[in-house]
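Q: Numbering (my numbering), first residue to last: 24 to 513.
Starting off with a structure, shown below.
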Ligand SMILES: Cc1cc2nc3c(=O)[nH]c(=O)nc-3n(C[C@H](O)[C@H](O)[C@H](O)COP(=O)(O)OP(=O)(O)OC[C@H]3O[C@@H](n4cnc5c(N)ncnc54)[C@H](O)[C@@H]3O)c2cc1C
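As structure tokens, this is what we get:
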């Protein structure tokens with residue numbers, strides 16, 4: 024049977040975009056269906072990754088400017104800068120990323136159809152445009168990459184004016200004086216530190232015993248100590264019972280209880296940001312018609328090849344659930360295309376092994392592999408090596424001395440098992456450790472190679488020496504410490 028396309032991709036975010044690019048490399052005919060009339064690239068460019076990182080970059084710049092050059096009148100950043108200034112910073116970045124995606128799509132001869140994509144049967148997709156005109160296309164394969172949306176709270180409504188979610192906060196037209204964030208994960212910490220850099224007084228109401236439970240304990244303690252010096256107050260184990268407007272005091276009131284104190288507490292604020300997780304964009308796309316299965320939270324079930332219950336329909340990106348990252352979605356989309364068109368290069372590639380995490384807070388946090396606590400739980404005898412950013416010449420030069428890089432390695436053979444970093448460029452720096460780990464390398468790599476100087480990468484060298492010293496101090500002769508590393512590579 025002849026079809027209009029080899030693959031129709033519903034959603035142009037990282038998963039859909041990268042599947043399209045890869046499929047054209049296999050000389051396949053591709054159609055991307057995108058619901059947004061104006062943008063391509065999904066929430067990666069329009070509502071999530073790029074806009075939030077542009078906001079961060081502007082806030083960091085303002086914070087650095089404010090702390091470097093002071094202000095004789097003692098004004099806060101929000102009194103010197105306005106959201107319009109930040110928008111001016113963000114706008115050209117978003118425009119250029121949008122153009123880049125559009126250019127790539129045109130250059131690679133991928134066709135696009137603007138409108139709502141719905142699966143009619145295993146080989147047909149219907150597209151309804153914003154004038155309600157419907158058109159159907161036939162295809163050999165389908166990729167569902169419709170992404171996710173913010174989940175909604177149970178006991179109050181998001182009005183997108185005073186009570187915001189993680190997408191509507193990016194549309195704020197002013198820098199708030201006060202902000203309450205209900206949440207405990209990565210997006211919470213990113214927005215908390217970004218707005219605090221702009222002078223906003225931030226209160227975090229976390230429903231967990233702490234923030235970012237997956238972090239290395241030492242990095243978390245360091246983060247908590249930094250947060251304390253900023254305008255950020257954290258309440259753990261909270262339950263928010265009500266949000267009300269106080270017209271007299273022209274503010275919003277957030278009522279909450281903590282597990283340790285059952286009395287009702289109230290915090291006054293200008294805005295509330297609710298960060299309660301993600302829900303998949305699966306409504307109205309025809310899953311039931313073809314019998315595609317989802318898990319209890321509604322995310323689409325797929326096998327190792329990203330295939331759904333229907334053999335020629337695949338799903339990738341946020342719509343299949345965790346880890347819900349643009350970085351991961353890019354690789355998933357590419358792998359999906361390889362599986363779809365029988366390219367064996369994908370057979371041995373895994374997305375779920377040793378993914379680095381990047382938290383774009385101020386300062387940045389990133390890591391990969393085992394934390395010290397995880398290694399101990401697994402009964403692996405590890406040592407650690409640390410480098411503090413205030414010992415790095417490059418960090419001194421840039422006045423970015425807040426930070427630490429920590430290496431976790433096997434004591435017996437010095438094999439690198441984990442890298443955990445807080446400080447500027449952490450999410451870039453982590454990749455050097457990732458490469459060494461991917462090749463089963465040892466921490467000797469960092470002391471035996473010449474690394475550019477001055478760089479933030481010097482932290483690896485300092486941390487490696489620090490780690491070797493620790494093994495030496497535990498009673499092993501230094502010469503023997505160095506010989507340990509040969510057991511893996513030799
Ligand atoms: C505030 C924030 C910050 C983030 N920061 C980072 C970060 O720093 N690093 C990182 O790796 N990730 C980050 N992410 C996550 C990242 O944005 C997502 O993981 C990624 O965009 C998911 O890609 P996707 O392809 O699955 O879907 P999306 O990017 O969500 O794209 C889905 C697309 O499908 C379209 N669509 C939906 N339904 C239909 C339909 N029926 N028909 C046609 N089109 C449809 C939508 O319009 C959208 O364009 C962040 C997310 C947020 C919200």
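All C-beta atoms, glycine included, are put in the ideal place defined by N, C-alpha and C.
1) Does DSSP put residue 438 in a helix, a strand or coil?
2) Starting from residue 362 and walking both ways along the alpha helix (DSSP H), at which residues does that stretch end?
3) Quick check: does the Cβ of residue 475 come within less than 7 Å of any heavy atom belonging to ligand 1?
4) Rounding to the nearest angstrom, what Cα-Cα distance links residue 199 and residue 297 in this structure?
5) Please work out which residues of its chain come closer than 7 Å, Cβ to Cβ, to residue 68, disregarding the five sequence neighbours upstream and downstream, and give them in chain order.
6) For a test of the three-state rule: what should DSSP assign to residue 81, helix, strand or coil?
7) What are the start and end residues of each continuous alpha helix (DSSP H) run of 4 or more residues lying completely inside the stretch 38-74, in chain order?
8) At a cut-off of 7 Å, would you count residue 447 as near ligand 1, judging by its Cβ distance to the nearest heavy atom?
9) Beta carbon of residue 348: closer than 7 Å to some heavy atom of ligand 1?
10) Which runs of the beta strand (DSSP E), 3 residues or longer, sit entirely within the stretch 208-256?
11) Could you give the DSSP three-state label for residue 131: helix, strand or coil?
12) For residue 168 and residue 32, I'd like the C-alpha separation in whole angstroms.
13) Less than 7 Å between the CB of residue 33 and some heavy atom of ligand 1, yes or no?
14) Helix, strand or coil: which one does DSSP assign to residue 137?
15) Just the C-alpha distance for residue 152 and residue 197, rounded to the nearest angstrom, thanks.
16) Give every residue of the same chain whose Cβ lies closer than 8 Å to the Cβ of residue 162, excluding the five residues on either side of it in the sequence, and list them in chain order.
17) List the residues that DSSP assigns as beta-bridge partners of residue 88.
18) Just to confirm, does residue 37 get its C-beta within under 7 Å of one of the non-hydrogen atoms of ligand 1?
19) What are the start and end residues of the beta strand (DSSP E) that includes residue 478?
20) When you compare each of 352, 486, 470, 448 to residue 479 by their alpha carbons, which one comes out closest?
21) How far does the alpha helix (DSSP H) with residue 418 in it extend, from its first residue to its last?
22) Can residue 10 and residue 446 be called in contact, C-beta distance under 8 Å?
23) If you measure from the CB of residue 189, is any heavy atom of ligand 1 nearer than 7 Å?
24) Hey, would you say the C-beta of residue 383 is under 7 Å away from at least one heavy atom of ligand 1?
25) According to the Cβ coordinates, are residue 312 and residue 323 closer than 8 Å?
26) Classify residue 412 as helix, strand or coil using the three-state DSSP reduction.
27) Buried or exposed: which applies to residue 428, given that a residue is buried once 16 or more other Cβ atoms fall within 10 Å of its Cβ?
28) Just reading off the alpha helix (DSSP H) that residue 507 is part of, what are its end residues?
29) For residue 512, which three-state DSSP category applies?
30) Give the list of continuous alpha helix (DSSP H) stretches no shorter than 4 residues that lie fully inside the stretch 247-303.
A: The short version:
1) strand
2) 349-363
3) no
4) 15 Å
5) Here the set comprises 62, 117, 120, 121, 124.
6) helix
7) 65-69
8) no
9) Yes.
10) 224-228
11) Three-state DSSP puts residue 131 in coil, outside helix and strand.
12) 7 Å
13) Relative to ligand 1, the nearest heavy atom lies less than 7 Å away from the CB of residue 33.
14) Residue 137: strand per DSSP, three-state reduction.
15) 34 Å
16) 26, 27, 28, 29, 30, 31, 54, 146, 147, 148
17) None, per the DSSP bridge assignment.
18) yes
19) Run containing residue 478: none; DSSP gives neither H nor E here.
20) 448
21) 416-420
22) Because the chain here runs from 24 to 513, residue 10 falls outside it and cannot be looked at.
23) yes
24) yes
25) With a cutoff of 8 Å on beta-carbon distance, residue 312 and residue 323 are scored as not near each other.
26) helix
27) buried
28) 501-507
29) Interpretation of residue 512 is limited by its pLDDT of 49, a score under 50 that renders its predicted location unreliable; the figure taken from the coordinates is listed afterwards. DSSP places residue 512 in helix when its eight states are reduced to three.
30) none
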